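Be aware that the sequence shown starts at 2, since it is given in our numbering, and climbs by one per residue. All C-beta atoms in this analysis are idealised placements derived from N, C-alpha and C, irrespective of residue type, glycine included. All values derive from a computational prediction rather than experimental measurement. Single-structure report; data block below.
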Amino acid sequence: MGDYKNITVKQINISDPSDVMNWCEAFGCTEKQLAEAVNLVGSTVAAVRRHLYF
């Protein structure tokens, strides 16, 4: 798991490859897992984090 707590952005931009790469590293997930989470729960960091870890 990455250090997502130091990231101040509140939304994940799934259309931006660098944003996807950064969030995948922060969450320790694949691009597919991140995209699925965003599609299911929305693009807020808190919602995606809850989905991936709980």
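In the DSSP assignment, T45 forms a beta bridge with Q12. Around V42, the same chain offers A48, V49 and H52 as residues with beta carbons nearer than 7 Å, after the five sequence neighbours per side are excluded. Per DSSP, D17 lies in no alpha helix (DSSP H) and is assigned neither H nor E.
Between V21 and E32 a beta carbon distance of about 6 Å is seen, short of the 8 Å cut, so the two are scored as contacting.
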